[in-house]
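A.B. asks:
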Amino acid sequence: MLSDNSVQIIKSTVPVLEVHGVTITKRFYELMFTAHPELLHIFNHANQKQGRQQTALANVVYAAALHIDNLAAILPAVKQIAHKHRSLGVKPEHYPIVGKHLLMAIKDVLGDAATDEILGAWEEAYGIIADAFIGVEAEMYNQAEHQPGGWEDFRAFRVDRKVQESAVISSFYLVPEDGGAIADFLPGQYVSVKVEVPGDKYTHIRQYSLSDASGKPYYRISVKREDGFPDRPEGRVSNYLHGQISEGDTLYLSAPAGDFILDQNDARPVVLISGGVGLTPMISMLNTLAERHSDRKVTFIHAARNGHVHAMKQHVDELAQKHSNLSAYYCYQAPTEQDREQKAYHKEGFIDLPWLKSVIEDPNASYYFCGPVPFMQHINQSLKEWGIPEKDLHFEFFGPAASLAPA
Ligand code: HEM
């Protein structure tokens, strides 16, 4: 428990730290990676370069500090992050390193304003927050290791099949090299993949949603090749997987994780909405629904630029033909002539509310959506405008959690 005095100090300094949040965390990362370059094996360098992780960590520390006298209030947020930490291999011994450099950064940025009393209160608060994370993560490690087919850290998988799904997305079917069982997972969960790209000093870890239903002898991930643009370098890992990883090669995976999952106890209709490669968790949910819950009404909506980059269309069309409870609708931003001729899509341009209303028969449903941040902001806003209660809206971000509030 924090003393009342420390709680007061924390609460009065949170706004000050929030103002300097990005500067503090940027400094924090500089200090920490200088002292502990080995942590670059765990952190995503691309996120670091884009400054995305900086804000995510700062925001959570401040939010947690504000609720320091009632950490249970932020438990769902802690759990979501803990899933990612567990999947990455973050361990209790890492917490003091983060804490030490966060405090050093606060001191550096605030200068004389950071009195010993303030730093002492934050040290105490960080310790409490870190203990909450460590406790939740310990349970998750325990569960990952002890469930049937489970394991604790990274396990070698062989690429059994590599299948091109669209001009930019390829699926990898992965089977464990030890020949053992693989743990079940929930539709919507992801795995972390650890790779060593030749010529790179540090390993890379990335999360990919599992793109098939659980219960198969393999895990399947479907990866989009991120091409480079003048303002954005090409995806180091996605290009490596696409260009250099072939059938028979080895990838290292941690056990499935994540709390963006289909509620299988809910009997109501379900609406799955995806943009681009955001379709991967939706396909896992769709396949699960098709295989196990054939009476639930399912509306699958997918937005793609055009037919070239529309992955798994044939699979979804076949499911829709086979299951009368399943309808699939596609929205193409810029259809090609061929798309037009083949009537491959149902709407041109962007998804909008009138169109959603025209294809969703019963709005009293559970909604799951995944895709680029502006896409998700738009879907979220449209569904709210329609009066869909917040509790029925479920979504997942790629990369560091961001905000759905319009920028
Ligand atoms: C991701 C918070 C401690 C390593 C994250 C995210 C948050 C966060 C908000 C983003 C989650 C998401 O993307 O969904 C915190 C807080 C901590 C803490 C509040 C302390 C109380 C640590 C420690 C390590 C660590 C001790 C290990 C040294 C990472 C890594 C990521 C991450 C590697 C993934 C993002 C990336 O690769 O850039 N953390 N974290 N975190 N955290 Fe932590």
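Counting from 19, one number per residue, gives the positions in the sequence shown under my numbering.
A virtual CB, placed ideally from N, CA and C, is assigned to each residue, including glycine.
Model, not experiment: these values are computed from the prediction.
Rounding to the nearest angstrom, what Cα-Cα distance links Thr-43 and Asn-343 in this structure?
C.D. replies: Roughly 49 angstroms separates the two Cα atoms.
A.B. asks: DSSP state of Pro-114, grouped into three classes?
C.D. replies: Pro-114: helix per DSSP, three-state reduction.
A.B. asks: Would you decide whether Tyr-159 is buried or exposed? Buried here means 16 or more other CB atoms lie within 10 Å of its CB.
C.D. replies: Buried: at least 16 other Cβ atoms inside 10 Å.
A.B. asks: Quick one: is Thr-306 buried, meaning 16 or more other Cβ sit within 10 Å of its Cβ, or exposed?
C.D. replies: Classification for Thr-306: buried.
A.B. asks: Where do the ends of the beta strand (DSSP E) carrying Lys-180 lie?
C.D. replies: That run of the beta strand (DSSP E) goes 173-182.
A.B. asks: Quick one: measure Cβ to Cβ for Gly-276 and Gly-389, integer angstroms, because I've assumed they're closer than 8 angstroms.
C.D. replies: With a Cβ gap of about 16 angstroms, Gly-276 and Gly-389 do not count as contacting.
A.B. asks: Could you tell me the distance, in whole angstroms, from the CA atom of Gly-417 to the CA atom of Pro-372?
C.D. replies: Note on Gly-417: pLDDT 49, under 50, position unreliable in the model; the coordinate value appears next. If I take the Cα positions, the gap works out to 30 angstroms.
A.B. asks: Distance, Cα to Cα, Ala-150 vs Val-32?
C.D. replies: So the alpha carbons of these two residues sit roughly 19 angstroms apart.
A.B. asks: Could you compute how far the alpha carbon of Leu-20 sits from the alpha carbon of Ile-86?
C.D. replies: The alpha-carbon atoms of Leu-20 and Ile-86 are separated by roughly 8 angstroms.
A.B. asks: Buried or exposed for Phe-247, going by 16 or more other Cβ atoms inside 10 Å?
C.D. replies: So Phe-247 ends up on the exposed side.
A.B. asks: Is Glu-379 buried or exposed, if buried means 16 or more other CB atoms sit within 10 Å of its CB?
C.D. replies: That one is exposed.
A.B. asks: Among Ser-229, Ala-174, Tyr-350, Glu-157, which one has its Cα closest to the Cα of Val-181?
C.D. replies: Considering only alpha carbons, the answer is Ser-229.
A.B. asks: Can you tell me which of the three DSSP states Lys-97 falls into?
C.D. replies: Of the three classes helix, strand and coil, the one that applies to Lys-97 here is helix, per DSSP.
A.B. asks: I'd like the span of the alpha helix (DSSP H) that includes Pro-287, first residue to last.
C.D. replies: Per DSSP, Pro-287 belongs to no alpha helix (DSSP H) and is neither H nor E.
A.B. asks: Could you check the C-alpha separation between Gly-296 and Phe-387 for me, to the nearest Å?
C.D. replies: Going from the Cα of Gly-296 to the Cα of Phe-387 covers about 8 angstroms.
A.B. asks: By Cβ distance below 8 angstroms, which residues in the same chain neighbour Asn-398 in space, the five residues on each side in sequence not counted?
C.D. replies: Counting only Cβ-Cβ distances below 8 angstroms, and skipping sequence neighbours, we find Phe-387, Leu-411, Phe-413, Leu-422.
A.B. asks: What first and last residue would you give for the beta strand (DSSP E) that runs through Tyr-144?
C.D. replies: From DSSP, Tyr-144 is part of no beta strand (DSSP E) but of the alpha helix (DSSP H) over 134-164.
A.B. asks: So who's on the other strand from Ile-319, going by DSSP bridges?
C.D. replies: According to DSSP, Ile-319 bridges with Ile-291, Tyr-347.
A.B. asks: Is Val-193 near Pro-235, with beta carbons less than 8 angstroms apart?
C.D. replies: Yes, they are a contact pair.
A.B. asks: Going by DSSP, what residue range makes up the alpha helix (DSSP H) through Leu-307?
C.D. replies: Per DSSP, Leu-307 belongs to the alpha helix (DSSP H) from 297-310.
A.B. asks: Can you determine whether any heavy atom of the ligand HEM sits closer than 7 angstroms to the C-beta of Ala-132, and answer yes or no?
C.D. replies: False, no ligand heavy atom lies under 7 angstroms from that Cβ.
A.B. asks: Do the CB positions of Ile-152 and Pro-114 come within less than 8 angstroms of each other?
C.D. replies: Contact flag unset, no.
A.B. asks: With a threshold of 7 angstroms on Cβ separation, who are the neighbours of Asp-171 within its own chain once the five nearest residues in sequence on each side are excluded?
C.D. replies: Excluding positions up to five away in sequence, the list reads Gly-107, Ser-272.
A.B. asks: Would you mind working out which of Leu-280, Ser-292, Asn-324 sits nearest Arg-310, comparing C-alpha positions?
C.D. replies: Ranking the options by Cα distance to Arg-310, first place goes to Leu-280.
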